[in-house]
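Trainee:
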Amino acid sequence: MGDNRLGAIADDLATQGWSWQPALMPEALTRALREELVAREAAAALEAAGIGRESDYQVDRTIRRTRITWFDGSTPAQQDFQMWTEALRASLNRELMLGLFEMEVCFAVYPPGGFYERHLDSFAGARNRVVSLVAYLNEDWDEARGGALAVWNEGAADGADPAARIVPQPGGVMLMLSEAIPHEVEVTHETRYGLAGWWRVNQSGMDRIDPLS
270 MGDNRLGAIA DDLATQGWSW QPALMPEALT RALREELVAR EAAAALEAAG IGRESDYQVD
330 RTIRRTRITW FDGSTPAQQD FQMWTEALRA SLNRELMLGL FEMEVCFAVY PPGGFYERHL
390 DSFAGARNRV VSLVAYLNED WDEARGGALA VWNEGAADGA DPAARIVPQP GGVMLMLSEA
450 IPHEVEVTHE TRYGLAGWWR VNQSGMDRID PLS
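Its first residue numbered 270, the sequence shown is counted upward by one per residue in the numbering used here.
1) Given a cut-off of 7 Å on the beta-carbon distance, is the pair leucine 298 and aspartate 341 in contact?
2) Check for me: the beta strand (DSSP E) holding phenylalanine 376 runs from which residue to which?
3) Would you report the Cα separation of leucine 357 and leucine 282, rounded to the nearest angstrom?
4) Ordered along the chain, which non-local residues of its own chain (more than five positions away) have a Cβ less than 7 Å from that of proline 291?
5) Does DSSP put tryptophan 468 in a helix, in a strand, or in coil?
6) I'd like the span of the alpha helix (DSSP H) that includes glutamine 348, first residue to last.
7) Since I believe arginine 300 is in contact with leucine 315 (beta carbons under 8 Å), could you give me their beta-carbon distance rounded to a whole number of angstroms?
8) Name the two residues that bound the continuous alpha helix (DSSP H) containing threonine 338.
9) Using the beta-carbon count (16 or more within 10 Å), is threonine 284 buried or exposed?
10) So for leucine 315, helix, strand or coil by DSSP?
11) On the premise that proline 345 lies in contact with threonine 460, defined as a C-beta separation below 8 Å, what is that separation, rounded to the nearest angstrom?
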């Protein structure tokens, strides 16, 4: 990942709140993550994804229909991904002074008919998620297969047309400001493999420790 790509990501986030970067993730890393996710799916290690956090958490298949499994850092592919994203984190902190601290990551499988309605990844001011990263792991993909990511600019009305519709090409990476950018996964017609990660800031204080998970 060169300085030009890192600079473009920072510029995009500063000016429009999101950045689409085709083929950003190395092919070998994309392949290793895909193989791990396919194996986990075959072993029935994924669970239905919900919406909300903590006391507001619920599984609602009318809003979100996908299966996930969380990273625990125990495999070479996960460790390589974490190392790869460190350059992104350092660059965004340097260029935008975001104070990104820790990333939580999950694999995500959208089966045929899967979708996720328009949403934000974090409520404004919550600071539990600051920058979102989505990476696509299928071997190939085209628009006819569905599953596009629709993205709206900050403040867009509910009925507004999206600013972009991203076809989930292998190795492509989307980054977004978690509190500001509404987005939606359109209905997919084939199994769609990917992962999602969210950087947060360190909220440790005099009376509270914010530990690494």
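Ideal Cβ placement from N, Cα and C applies to all residues, glycine included.
Mentor: According to the structure data:
1) If you number the sequence shown from 1, residue 298 lands on position 29. If you number the sequence shown from 1, residue 341 lands on position 72. Going by C-beta atoms, leucine 298 is not nearer than 7 Å to aspartate 341.
2) Position 107 of the sequence shown, counted from the start, is the residue given in the question as residue 376. Phenylalanine 376 -> beta strand (DSSP E) spans 369-379.
3) Within the sequence shown, residue 357 is the residue found at index 88, counting from 1. Within the sequence shown, residue 282 is the residue found at index 13, counting from 1. Using only the alpha carbons, I get a separation of about 12 Å.
4) Stepping through the sequence shown from its first residue, residue 291 is reached at position 22. Result list for proline 291: Gln438 and Gly441, in chain order.
5) Along the sequence shown, read from residue 1 onward, the residue named residue 468 stands at position 199. The three-state secondary structure of tryptophan 468, taken from DSSP, is strand.
6) Taking the first residue of the sequence shown as position 1, residue 348 is located at position 79. From DSSP, the alpha helix (DSSP H) with glutamine 348 extends over 345-365.
7) By one-based count along the sequence shown, residue 315 stands at place 46. By one-based count along the sequence shown, residue 300 stands at place 31. Not confirmed; about 19 Å, so no contact.
8) In the sequence shown, the residue the question calls residue 338 occupies position 69. For threonine 338, there is no enclosing alpha helix (DSSP H); the residue is part of the beta strand (DSSP E) that begins and ends at 336-339.
9) Residue 284 sits at position 15 when you count from the first residue of the sequence shown. Looking at its Cβ environment, which holds fewer than 16 other Cβ atoms inside 10 Å, threonine 284 is exposed.
10) To locate residue 315, count along the sequence shown from 1; it is residue 46. Per DSSP, reduced to three states, the secondary structure at leucine 315 is coil, with no helix or strand assignment.
11) The residue given as residue 460 occupies position 191 in the sequence shown. The residue given as residue 345 occupies position 76 in the sequence shown. The Cβ separation is near 24 Å, so there is no contact.
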